[in-house]
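All residue numbers for the sequence shown refer to our numbering, where the first residue is 11 and numbers rise by one. All C-beta atoms, glycine included, are put in the ideal place defined by N, C-alpha and C. Keep in mind that this is a model prediction, so the values were computed, not measured.
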Amino acid sequence: MRTGEIEQFEQLLEESVAFHGHLCAGQVIGVRMSMLGLRLVGIADPKGRDRKKLHVIVEIDRCATDAIQSVTGCRFGKRSMNFKDFGIMAATFINLETSRAFRILASEDSRSMAQHYAPEIVDRYRQQVHAYKVMPEEALFVVQKVEVSIPATNLPGRPLSRVRCEMCGEWVQDGRELKDSGKTMCRSCGGQRYYRIVSPGTDK
Ligand SMILES: [Zn+2]
Ligand SMILES: [Zn+2]
């Protein structure tokens with residue numbers, strides 16, 4: 011990193027640590043991944059004048075995802091961020107104006123190379139944090155130029171549809187319903203329920 015970049019990195023890391031709650035390898039990776047992603051898709055001011063141009067898809071819900079939110083300002087609640095539960099330390103940065111998109115993966119080699127970049131640090135975890143700060147981007151990440159088509163039902167704006175589940179009566183927005191034997195259903199009724207109702211109401 012050049013001097014200006016190092017200052018920017020330290021500033022962004024400080025913000026992401028405050029947002030996330032602690033300094034960890036994930037914060038360093040997430041901040042550096044975001045800086046690279048923004049640069050590749052040509053976005054300079056993600057929280058200001060470019061804020062409507064950026065969309066990020068994250069593939070893991072771990073520490074680095076907080077750093078990506080902190081640096082880019084992208085949020086699930088603003089639909090500028092989307093989550094694919096793939097369990098892979100990767101994220102795709104998309105410039106919605108130009109369609110330029112890059113998927114960035116934390117390289118597997120970076121783990122084993124931490125030793126090489128910070129041999130003086132004994133504690134493995136602290137060694138990783140430091141090594142990820144100084145490692146060149148090429149060692150830290152694998153980058154792919156990609157094409158992504160984001161469905162309109164994943165983008166900001168008013169819901170594009172709203173239908174009622176024929177089983178439970180709850181309303182489902184933006185095409186997330188399922189169809190089974192001609193019946194329109196919410197995902198819970200369609201077999202993806204993640205909870206079991208113990209009693210209706212608060213059961214005080
Ligand atoms: Zn963490
Ligand atoms: Zn339902």
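Over what stretch of residues does the alpha helix (DSSP H) that includes residue i continue unbroken?
i, result
"I114", "No alpha helix (DSSP H) contains I114, which is instead part of the beta strand (DSSP E) from A111 to A116."
"H126", "D119 to Y127"
"T82", "C73 to T82"
"F19", "T13 to H30"
"M145", "Run containing M145: none; DSSP gives neither H nor E here."
"M99", "Looking at the DSSP string, M99 is not in any alpha helix (DSSP H), and its letter there is neither H nor E."
"V51", "A35 to V51"
May I have the straight-line CA-CA distance separating residue i from residue j, to the nearest angstrom?
i, j, result
"A28", "Y142", "19 Å"
"A111", "S26", "23 Å"
"E187", "N164", "14 Å"
"R113", "R203", "31 Å"
"L48", "P56", "8 Å"
"E176", "I98", "36 Å"
"E118", "A124", "11 Å"
"F96", "R85", "18 Å"
"G167", "T102", "21 Å"
"D133", "E20", "22 Å"
"P169", "D184", "6 Å"
"S171", "Y127", "52 Å"
"E69", "F93", "6 Å"
"Q154", "I104", "12 Å"
"M43", "S191", "45 Å"
"R136", "D71", "22 Å"
"H3", "E180", "Because the chain in this structure spans residues 11 to 214, residue 3 falls outside the shown range and cannot be described."
"V144", "R59", "30 Å"
"E10", "I16", "Past the edges of the chain, shown from 11 to 214, lies residue 10, and the structure says nothing about it."
"A162", "L106", "12 Å"
"V173", "Q18", "46 Å"
"A54", "A35", "24 Å"
"G200", "V51", "38 Å"
"T13", "G211", "58 Å"
Would residue i pass as a contact of residue j if the rule is Cβ separation under 9 Å?
i, j, result
"C178", "S198", "yes"
"L46", "E147", "yes"
"G40", "A74", "yes"
"Q138", "A77", "no"
"S90", "L64", "yes"
"A149", "S120", "yes"
"C83", "R61", "In the sequence on display, residue 83 carries Gly and not Cys. In this structure, R61 lies closer than 9 Å to G83 by Cβ."
"V66", "L22", "no"
"V182", "C196", "yes"
For residue i, report the span of its beta strand (DSSP E) as first-last.
i, result
"V158", "Where V158 is concerned, there is no enclosing beta strand (DSSP E), given that its DSSP letter is neither H nor E."
Strictly by DSSP, which residues pair up with residue i?
i, result
"M91", "V66"
"I218", "Residue 218 lies beyond the stretch modelled for the chain, which goes from 11 to 214, so this question has no answer here."
"F151", "A116"
Kindly provide the ranges of any beta strand (DSSP E) runs that are 3 or more residues long and lie completely inside the region 169 to 208, ordered along the chain.
The DSSP assignment places complete beta strand (DSSP E) segments of no fewer than 3 residues inside the region 169 to 208 at 172 to 174, 181 to 183, 188 to 190 and 193 to 195, in order along the chain.
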